[in-house]
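>
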Ligand SMILES: [Zn+2]
């Protein structure tokens with residue numbers, strides 16, 4: 011996400027309201043002095059004790075997000091969207107492996123009306139709790155270590171800030187830190203990555219875009235002489251739920267390929283076709299980012315361009331969604347997220363610098379590619395920086411505050427580049443991206459990985475930049491920045 015929307019603040023406030031389930035996050039004891047990765051793991055395990063039957067994956071900021079007891083392998087969502095009513099009718103099939111014996115388990119799911127729910131093909135009972143807990147009791151307990159399927163059929167008008175009606179019956183669904191819950195039952199936390207398939211039917215002239223590569227499109231006669239078209243999208247890279255989305259509009263499709271054959275599909279809402287000139291830079295931006303961060307991590311690319319302002323753009327995997335008026339800087343930012351946030355993801359929301367510091371610094375790398383002297387920019391402006399913004403554990407609802415990870419984050423990483431040295435900076439970060447591919451990493455773990463790989467002690471450098479005070483001269487002007 012590049013900028014924070016005002017509606018997001020409301021969403022965060024709603025989520026905070028359910029924190030009473032496990033207590034106040036301010037007392038959770040997670041600080042910047044989180045110590046070693048092992049220490050962080052110990053505290054994470056303590057935080058993962060579920061209050062009831064596996065609810066909450068253990069995120070101190072959003073304790074009811076995600077669930078325990080299983081690991082999702084795949085979501086397949088089959089839905090139809092009615093532009094006149096703004097409603098969906100859907101069946102989502104979740105394939106998961108039980109990590110413990112499950113007499114019952116939780117899914118995160120919003121307010122849509124459930125018509126049928128089965129586990130391994132047998133009708134299951136269910137009840138709803140709190141803001142978005144769906145507690146499922148299978149007819150027969152699921153044995154630990156086995157793979158099981160849950161199929162939920164439901165309908166209605168999705169409710170929540172993630173559901174964003176567009177012009178003339180169109181819609182797009184996305185948000186951060188959670189959005190899937192609004193439109194499909196899921197384990198809605200970045201720690202549980204899964205492949206994602208969408209099959210969505212709409213009446214002509216509407217079309218559907220989502221993550222990944224295009225499957226076959228089929229048509230069938232609909233009511234009143236209409237034509238119904240079914241679009242299929244397949245994301246084969248394991249992804250976190252908030253990076254999945256779909257958009258419906260009277261879309262213009264533009265298809266191309268990268269030099270290595272990766273298919274690029276760009277879609278434009280009717281009033282956004284002028285964005286094609288900016289999106290034409292995508293191959294050049296990806297080339298630059300590959301040079302810095304390693305091979306492009308996915309098997310599809312592109313962008314979905316809206317013609318309304320939703321207040322932010324989002325790095326939905328393989329195909330970011332761009333608010334009206336997004337420029338090349340935003341495209342560079344969201345494409346950088348394909349490495350930072352999508353391919354390698356945060357462990358908890360307090361680790362958001364992993365996403366936003368790197369995506370924001372990649373905008374500087376794009377400027378550098380176009381001739382900007384970053385050292386001169388840094389030295390001429392760093393003293394005016396708002397140092398009060400934490401880059402780690404900034405508190406629920408503060409993750410996307412503008413002066414923090416988006417601004418101070420760029421300076422932090424430019425200083426880190428000088429602290430480690432140019433070659434070690436890129437090579438160690440590329441090694442981390444390879445090591446943690448399709449997985450999650452915390453900021454303290456990232457610090458320890460970089461220190462170990464480069465032999466540079468990052469203790470004071472990291473602590474000072476993550477904190478709320480201006481770093482010492484040595485950490486503000488490391489390496490040749492001090493010369
Ligand atoms: Zn971002």
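In the working numbering, the protein residues as written are 11 to 493. Note that CB positions come from ideal geometry on N, CA and C, so glycine has one too.
(1) When you compare each of 276, 127, 140 and 107 to residue 204 by their alpha carbons, which one comes out closest?
(2) So residue 293 is in the alpha helix (DSSP H); what residue range does that whole segment cover?
(3) Spatial neighbours of residue 193 within its chain, please: CB distance less than 6 Å, with the 5 preceding and 5 following residues excluded, ordered by chain position.
(4) So, does the CB of residue 165 fall closer than 9 Å to a CB anywhere in chain D?
(5) What number of angstroms, rounded off, separates the C-alpha of residue 166 from the C-alpha of residue 125?
(6) Return yes when the Cβ of residue 330 is within less than 9 Å of the Cβ of residue 9, no when it is not.
(7) Per DSSP, which one or two residues make a beta bridge with residue 313?
(8) Keeping to the same chain, check which residues put their C-beta closer than 8 Å to that of residue 111; ignore five residues upstream and five downstream.
(9) Please tell me whether residue 400 and residue 476 are closer than 9 Å, where the distance is taken between their beta carbons.
(10) Could you tell me whether the stretch 280-296 touches the stretch 306-322, using the rule of 3 or more Cβ pairs below 8 Å?
(11) Tell me whether the stretch 249-257 and the stretch 327-341 touch, counting them as touching only if at least three CB pairs, one residue from each stretch, are closer than 8 Å.
(12) For residue 388 and residue 220, what's the separation of their Cα atoms in angstroms?
(13) From the DSSP output, which residues share a beta bridge with residue 370?
(14) If you reduce the DSSP assignment to three classes, tell me which class residue 196 lands in.
(15) Report the three-state DSSP secondary structure of residue 434 (helix, strand or coil).
(16) With H, G and I counted as helix, E and B as strand and the rest as coil, what does DSSP make of residue 388?
(17) Could you tell me the alpha carbon to alpha carbon distance between residue 87 and residue 241, rounded to whole angstroms?
(18) Quick one: grab the DSSP three-state call for residue 165.
(19) Grab me the residues of residue 375's own chain with a C-beta within less than 7 Å of its C-beta, minus the 5 sequence neighbours each way, in chain order.
(20) What's the C-alpha gap between residue 490 and residue 390?
(21) Would you mind stating whether residue 70 and residue 360 have Cβ atoms separated by less than 9 Å?
(22) Is it buried or exposed, residue 189, if we count other Cβ atoms within 10 angstroms and call 16 or more buried?
(23) Where residue 197 and residue 488 are concerned, what is the direct C-alpha to C-alpha distance, given to the nearest angstrom?
(24) Starting from the Cα of residue 437, find the closest Cα among 424, 216 and 464 and give me that residue.
(25) Between the stretch 206-225 and the stretch 141-149, can you find at least three pairs of beta-carbon atoms closer than 8 Å?
(26) What separation, rounded to the nearest whole angstrom, lies between the Cα atoms of residue 212 and residue 418?
(27) Below 8 Å on the Cβ atoms is my guess for residue 244 versus residue 207; work out the distance and round it to an integer in Å.
(28) CB-CB under 7 Å to residue 453, same chain, minus the five flanking residues each way: which ones, in chain order?
(29) May I ask whether a heavy atom of ligand 1 can be found less than 8 Å away from the beta carbon of residue 391?
(30) Cα separation between residue 171 and residue 439?
(31) Please say whether residue 288 and residue 337 have beta carbons closer to each other than 9 Å?
(32) Which residue from 75, 85 and 139 puts its Cα closest to that of residue 187?
(33) Flag residue 342 as yes when its Cβ comes closer than 8 Å to any non-hydrogen atom of ligand 1, and as no otherwise.
(34) Between residue 130 and residue 117, what straight-line distance do the alpha-carbon atoms span, to the nearest angstrom?
(35) From the DSSP output, in three-state form, read off residue 256 for me.
(36) With DSSP as the reference, please indicate the residues paired to residue 231 in a beta bridge.
Based on what the coordinates show:
(1) 107
(2) 292-303
(3) 168 and 183
(4) Within the model displayed, chain D is absent; a lone protein chain is all it includes.
(5) 11 Å
(6) No answer is possible for residue 9: the residues shown for the chain start at 11 and end at 493.
(7) 276
(8) 151, 152, 153 and 154
(9) yes
(10) yes
(11) yes
(12) 38 Å
(13) DSSP, once it has assigned bridges, lists no residue as partnering residue 370.
(14) strand
(15) helix
(16) helix
(17) 12 Å
(18) strand
(19) 298 and 302
(20) 15 Å
(21) yes
(22) buried
(23) 42 Å
(24) 464
(25) no
(26) 44 Å
(27) 5 Å
(28) 361, 363, 364 and 402
(29) no
(30) 35 Å
(31) yes
(32) 75
(33) no
(34) 16 Å
(35) strand
(36) 237
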